[in-house]
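Heads up: the structure comes next, in structure tokens.
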Amino acid sequence: MASIITVSGLTKTYASGFQALKGVDLEIEEGEIFALLGPNGAGKTTMISIICGNMRASGGSVTVAGHDIVKSYRASRSAIGLVPQELHTDAFERVIDTVRFSRGLFGKPRNDAYVEKVLRDLSLWDKRNNKMLELSGGMKRRVMIAKALSHEPRVLFLDEPTAGVDVELRRDMWKLIGELRATGVTIILTTHYIEEAEEMADRVGVIDKGELILVEEKATLMKKLGRKTLTVSLGEPLHALPAELGEWNLSLNGDGCEIEYVFDTQASRTGVSSLLRRLGDLGIGYKDLNTQQSSLEDIFVSLVHQEKAA
Ligand SMILES: Nc1ncnc2c1ncn2[C@@H]1O[C@H](COP(=O)(O)OP(=O)(O)OP(=O)(O)O)[C@@H](O)[C@H]1O
1 MASIITVSGL TKTYASGFQA LKGVDLEIEE GEIFALLGPN GAGKTTMISI ICGNMRASGG
61 SVTVAGHDIV KSYRASRSAI GLVPQELHTD AFERVIDTVR FSRGLFGKPR NDAYVEKVLR
121 DLSLWDKRNN KMLELSGGMK RRVMIAKALS HEPRVLFLDE PTAGVDVELR RDMWKLIGEL
181 RATGVTIILT THYIEEAEEM ADRVGVIDKG ELILVEEKAT LMKKLGRKTL TVSLGEPLHA
241 LPAELGEWNL SLNGDGCEIE YVFDTQASRT GVSSLLRRLG DLGIGYKDLN TQQSSLEDIF
301 VSLVHQEKAA
């Protein structure tokens, strides 16, 4: 598939001397949904701000739809729709006017049929004459998307589209983004939520401390991330793990009162039932069992570790 965005050797050093991007290379394919994951301060917003032309890079280059973002700023910027994290619109403005106004900012001629299509696609047509202050939070978010789509961009950036929204609204937003992709728009979203990447993305990039440490097909990444930790609370503390438990990768914690087993949830045999059977055979009794999915933070930590070790 053809690339719609090419990022090469991108660096950013802020005036303070802080290096927020340390040479990022990335190709975004036309028509895909790409999720950019990263802990706070990783450099996601810095990278998006540079691609969208809101901030200057210190080094490297970016092209959007074939246009260099510095030499052909207007052409590259008009290929992009950006949905920022914060909602900022005039509370007293009508929905349809704010969307038309955004289109005008890009020098595009008025096109009522297109604006109607965008508003209908986002289920906002019935609200077109409402003032922004009369809308719910979810509707306001959809207006922000309508504004970003108003000038017919080929790429849509969504910066944490579901930060701080409830589960139901998050699911609506995922459905909506899937529908937008079906219209041919390439979508790049940043998120802290692994479920969001799992639900929507075709590919996932992980950025940490200004470096893109991994870019992978989602299916491959989910396989790697499908880890859980089983904690077995023992009836009696153990001084050491018996040799008979050597075939499982276990650790003994909590002053010998807990056995921890990290397993791969995608494996055909997780080893959980055989471990519990072996504990029974050895006469090791337990009071409680608890499993925990690796958190996004654990995953980052383990990815960063793997990267450093490699
Ligand atoms: N204007 C600035 N001057 C100096 N340092 C900055 C500036 N803006 C951002 N930074 C630093 O650059 C790093 C990357 O910030 P950025 O906002 O790109 O991260 P992020 O991945 O978007 O984080 P978050 O998930 O918290 O939004 C952070 O350490 C941040 O403190």
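Just so you know, we're using the UniProt record's numbering here: the sequence shown kicks off at 1 and counts up by one.
Quick reminder that beta carbons are idealized off the backbone N, C-alpha and C, glycines included.
Under the three-state DSSP convention, the category residue i falls into
{"i": "E196", "result": "helix"}
{"i": "G205", "result": "strand"}
{"i": "E244", "result": "helix"}
{"i": "E86", "result": "coil"}
{"i": "S16", "result": "coil"}
{"i": "E258", "result": "strand"}
{"i": "R110", "result": "coil"}
{"i": "A219", "result": "helix"}
{"i": "E32", "result": "coil"}
{"i": "F92", "result": "coil"}
{"i": "R278", "result": "helix"}
{"i": "T291", "result": "strand"}
{"i": "residue 311", "result": "The structure shown does not extend to residue 311, since the chain is modelled only from 1 to 310, so the question has no answer here."}
{"i": "E27", "result": "strand"}
{"i": "G9", "result": "strand"}
{"i": "R269", "result": "coil"}
{"i": "E211", "result": "strand"}
{"i": "L234", "result": "strand"}
8 angstroms Cβ cutoff met for residue i and residue j
{"i": "T190", "j": "D159", "result": "yes"}
{"i": "K218", "j": "E198", "result": "yes"}
{"i": "M200", "j": "I28", "result": "no"}
{"i": "L230", "j": "R278", "result": "no"}
{"i": "R170", "j": "T162", "result": "yes"}
{"i": "V115", "j": "I145", "result": "no"}
{"i": "F92", "j": "K131", "result": "yes"}
{"i": "E258", "j": "S233", "result": "yes"}
{"i": "K209", "j": "A42", "result": "yes"}
{"i": "S150", "j": "V206", "result": "no"}
{"i": "K147", "j": "M139", "result": "no"}
{"i": "S123", "j": "R142", "result": "yes"}
{"i": "G9", "j": "G59", "result": "yes"}
{"i": "M47", "j": "V24", "result": "yes"}
{"i": "L26", "j": "V204", "result": "no"}
{"i": "G53", "j": "S78", "result": "no"}
Option nearest residue i by Cα separation, candidates the options
{"i": "I80", "options": "V64, H88, S123", "result": "V64"}
{"i": "S61", "options": "F157, D281, G178, K12", "result": "K12"}
{"i": "G38", "options": "K228, A20, M55, V7", "result": "A20"}
{"i": "R103", "options": "L36, V118, E30, R170", "result": "V118"}
{"i": "L282", "options": "F92, A267, L241", "result": "L241"}
{"i": "I188", "options": "R141, L289, L156", "result": "L156"}
{"i": "T6", "options": "G164, I50, W125", "result": "I50"}
{"i": "G285", "options": "T265, M139, G235, R227", "result": "G235"}
{"i": "T270", "options": "V70, N249, G256, G23", "result": "N249"}
{"i": "A243", "options": "G226, A267, L275", "result": "L275"}
{"i": "D255", "options": "P237, V143, E247", "result": "P237"}
{"i": "N253", "options": "K127, E247, H239", "result": "H239"}
{"i": "D172", "options": "V185, T220, D121", "result": "D121"}
{"i": "Y14", "options": "G31, S3, M55", "result": "M55"}
{"i": "I177", "options": "H192, D202, G164", "result": "D202"}
{"i": "residue 311", "options": "T186, D112, Y73", "result": "Residue 311 is absent from the structure shown; the chain starts at 1 and stops at 310."}
{"i": "E86", "options": "G226, A75, T45", "result": "T45"}
{"i": "G111", "options": "R181, Q266, E152", "result": "For the sequence presented, residue 111 should be read as Asn rather than Gly. Checking every option, the nearest Cα to that of N111 belongs to E152."}
{"i": "K228", "options": "I213, L289, R74, E168", "result": "L289"}
Would you list, in sequence order, the uninterrupted alpha helix (DSSP H) runs of no fewer than 4 residues that lie entirely inside the stretch 50-83? 73-78
Kindly provide the ranges of any beta strand (DSSP E) runs that are 3 or more residues long and lie completely inside the stretch 120-202, ordered along the chain. 155-159, 186-191
Quiz: which residues have CB nearer than 6 angstroms to ligand 1 non-hydrogen atoms: Y14, S16, F18, A20, G38, N40, G41, A42, G43, K44, T45, T46
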